[in-house]
Amino acid sequence: MSIGGKMKNIFDKDYYLGLDIGTESVGWAVSDTDYNIIKAKGKMMWGVRLFDEASTSAERRVFRSARRRLERKKNRINLLQMIFSEAIAEIDPGFFQRMKDSFFTKEDKQYEMQSNTLFNDLNFNDAKYNKLYPTIYHLRSELIKGKKTHDVRLVYLAIHHILKHRGHFLFEGQNMNSVTSFKNVFTSLSEILEKEFTDISLECESLELIENNLRDQSLTRTEKKRRLKKILGVSKDDKARDAIIGLICGTKEKLSQLFTDDDLKTNDMNGISFNDNSYDSNQDKYEEILGDRIIALESIKALHDWSILADILHGGNLNGKQYLSISKVNDYENHKADLKLLKRVVKKYIPEEYKSIFSDVKETNNYAAYCGVNKKNKNKQIIKRCKQDDFYTFISTKLKKISNPDEDIQSLMTKKENGTLLPLQKNGDNGIIPYQIHKMELMDILSNASVYLPFLKQKDEYEL
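Residue numbers for the sequence shown follow our numbering, beginning at 11 and rising by one.
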């Protein structure tokens, strides 16, 4: 904007000061009453000052929230160490120091001569630990399943992982059954949609049909949408309900279609999908664009997240409960089997593509990029990860070079279409896991471990 002011007695005559104030600069000029630029000490009195644009309160709030989360996480871990310190010190006084040093180079470690990060016993070291427990979920799963005596350090590591990755609190106050109940989530969505859209409802004769459709891992996202539209009786002309169902199933839709708002068509955020994990990082932008309508969008996402959670917990059943750790162990075994099959297919039909598919550092969407790890001089090297869809497209392109695909290739392609090929332990879907899932596992681990670790039964002065 521009502002002008008339001031006196600088050079014993009137002058004008003009300012052009922007978000990253201020332009200024001094003129006489006839708008001629004034000179001072031989220089024209005009110029510009540049500076960095100020961050918004929203950005600062994000940083504050991140700092608080890290501080709370640090406090939880410190408290856990305090509880376990005496028992662990009796068998391994250097355990916590080795964990602390694990991020340092060898010469910076306190125990420079030790190559092990966690276990440095004569009969049990890191290599044996990793062989027994390829992932932390293997350890958590074993501790959940029984009361067999385990090393106190193993119990600590399992609980340490749970406290570091404890899940979100969007359903705070609800129990495990409520969080995983399809009926509760669907009913909540229906009620919110009826308030936001006076002419839209998701009435259905059988909720079980909808639930089974969303749970079916053999169906692609597009096929789920097609079937769900048929179950709910949605026609081609019903654009809003078409978009709602698509978002629930994970397909890409348009906000302008969802809210019947043509003004959204030209917005950069018009296209939206809950499946690519970009929604969370852009949530503030969606709130700014939609205002109160964000509530409806969040409720649609809640049902989408339920279906993802159902997929994550699939196969994790034990004694009538759904365990994340058991499901993750199954994912590990499935990944291992898929990788073995993929390597066999590549070696058999397209051996010239083997390096390109699995280890070529020049490829940005191959298997190494998908996992985020490659090998250099026999050492593991962390590299930039690619998205699952990009990796699937890369693999599909390679496999399509095979002229006569057999059952193995068809199996790989089907899994790719279903989004279940080579499942990873760490992915964006982990962000939708509520804390109740981890809490249930923590309580079971503590219950089993307290049988052989009596200090876990002790209470403090507050009876906690």
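Where a beta carbon is used, it is the ideal one built from N, C-alpha and C, also for glycine.
Bear in mind the structure is a predicted one, so any value in this text is a computation, not a measurement.
Is residue j closer than 8 Å to residue i when the C-beta atoms are compared?
i    : j    : result
I282 : E308 : no
I220 : L452 : no
K157 : N458 : yes
H178 : L257 : no
S151 : I336 : yes
D24  : T43  : yes
R86  : L153 : no
L128 : L149 : no
I254 : L265 : no
I202 : A306 : yes
F192 : L217 : yes
I412 : I360 : yes
K425 : D348 : yes
How close, in whole Å, do the beta carbons of residue i and residue j come, if the pair is a contact with beta carbons under 8 Å?
i    : j    : result
K498 : I367 : A question about residue 498 goes unanswered here, because the residues of the chain that appear run from 11 up to 474.
N437 : L229 : Between L229 and N437 the Cβ distance is about 20 Å, and since that is not below 8 Å, they are no contact.
E34  : D62  : 7 Å
V162 : L463 : 6 Å
E206 : R303 : 7 Å
Cα separation between residue i and residue j?
i    : j    : result
L80  : L242 : 44 Å
G14  : L27  : Because the pLDDT at G14 is just 49, under 50, the model does not fix this residue reliably, and the value given afterwards should be weighed accordingly. Each residue's Cα considered, the two are about 6 Å apart.
V356 : K410 : 12 Å
I442 : M55  : 59 Å
L334 : Y147 : 8 Å
N285 : A39  : 53 Å
Y364 : E343 : 22 Å
A50  : S41  : 11 Å
M17  : E298 : Residue placement at M17 is poorly supported in this model, since its pLDDT is 46, which falls under 50; the coordinates are not used for a value here.
D399 : G382 : 15 Å
V371 : N384 : 8 Å
R82  : F106 : 19 Å
R176 : T261 : 28 Å
S317 : T232 : 14 Å
K394 : L434 : 15 Å
Y492 : M279 : Residue 492 cannot be examined here, being either before or after the span of the chain that is shown, 11 to 474.
D226 : T430 : 12 Å
Q391 : R236 : 43 Å
(request) At 3 residues or longer, and completely inside the stretch 181 to 259: list those beta strand (DSSP E) runs for me, N to C. (result) none
(request) Assess, as a yes-or-no matter, whether the stretch 321 to 336 is touched by the stretch 438 to 448 under the definition of 3 or more beta carbon pairs within less than 8 Å. (result) yes
(request) Note down, one range per segment and in chain order, each beta strand (DSSP E) of at least 3 residues found wholly within the stretch 40 to 106. (result) 56 to 60
(message) Could you check whether the stretch 412 to 430 touches the stretch 343 to 358, counting it as contact only if at least three pairs of C-beta atoms, one from each stretch, sit closer than 8 Å?
(response) yes
(message) Pairs of beta-carbons, one from the stretch 287 to 300 and one from the stretch 190 to 206, closer than 8 Å: are there three or more?
(response) Judged by pairs of C-beta atoms under 8 Å, the stretch 287 to 300 does not touch the stretch 190 to 206, as fewer than three such pairs exist.
(message) Going residue by residue through the stretch 383 to 417, where are the continuous beta strand (DSSP E) segments of at least 3 residues, counting only ones entirely within it?
(response) 383 to 386 and 389 to 392
(request) Please go through the stretch 307 to 389 and give each complete alpha helix (DSSP H) segment of 4 or more residues, from N-terminal end onward. (result) 334 to 359, 364 to 368 and 377 to 381
(message) Does the stretch 396 to 405 come into contact with the stretch 372 to 386, if we say contact requires no fewer than three beta-carbon pairs (one atom in each stretch) closer than 8 Å?
(response) Result yes; three or more Cβ-Cβ pairs closer than 8 Å.
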